[in-house]
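Presented below is the structure to which this report refers.
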Amino acid sequence: MRKNTVYWLLQRISAVALIVLLGLHLWVEHFSSPHSTVTLSVVHNRLNTFKFLLLDYGLLVLALFHGLNGVRNIALDSTRLALHIKGISWSLVIVGVVFTIYGGVALWYASQFVSL
3 MRKNTVYWLL
13 QRISAVALIV
23 LLGLHLWVEH
33 FSSPHSTVTL
43 SVVHNRLNTF
53 KFLLLDYGLL
63 VLALFHGLNG
73 VRNIALDSTR
83 LALHIKGISW
93 SLVIVGVVFT
103 IYGGVALWYA
113 SQFVSL
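Residue numbers for the sequence shown follow my numbering, so the first one is 3 and each next one is one higher.
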């Protein structure tokens, strides 16, 4: 299987996974208890549980991959940029890794050190 075919397939899989995780996120945050208000303490308590932290981190990782892979696909569609696709791809990988780490640290920090 060619590398571009794998990226094409991963783009579709990440789209479906994003829809499922976003649906779960919206359900938990807004519809599971319709009479409760989303407050800082409620969000902090949810982030203290591993499953909600994993849900939010999964959304972060999938959204970054899906978006950056979309940018890569746009670069492939451009005949001028296609000559530099290896450099563009590695630049996008670096951006993705940096923001995945930054977002993970931010989620962890929010779950540990928010004073109520």
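The beta-carbon is built from N, C-alpha and C at its ideal position, and this holds for glycine as well.
Given residue i as reference, the closest of the options once Cα atoms are compared
i: residue 24; options: 9, 63, 37; result: 63
i: residue 96; options: 83, 67, 11, 44; result: 67
i: residue 28; options: 106, 61, 52; result: 61
i: residue 71; options: 3, 4, 12; result: 12
i: residue 104; options: 84, 92, 59; result: 59
i: residue 94; options: 81, 76, 82; result: 76
i: residue 26; options: 45, 57, 111; result: 57
i: residue 101; options: 4, 78, 69, 34; result: 69
i: residue 18; options: 65, 35, 86, 38; result: 65
Supposed contact pair residue j and residue i - C-beta distance, whole angstroms, cut 8 Å
i: residue 22; j: residue 31; result: So it is not a contact: roughly 15 Å between Cβ atoms.
i: residue 113; j: residue 42; result: About 12 Å separates the two Cβ atoms, so there is no contact after all.
i: residue 109; j: residue 20; result: Wrong, their Cβ atoms sit about 17 Å apart, outside the cutoff.
Residue range of the alpha helix (DSSP H) that includes residue i
i: residue 83; result: 81-84
For this session: Return the chain-ordered ranges of every alpha helix (DSSP H) run that is complete within the segment 29-58 and spans a minimum of 4 residues.
Result: 42-49
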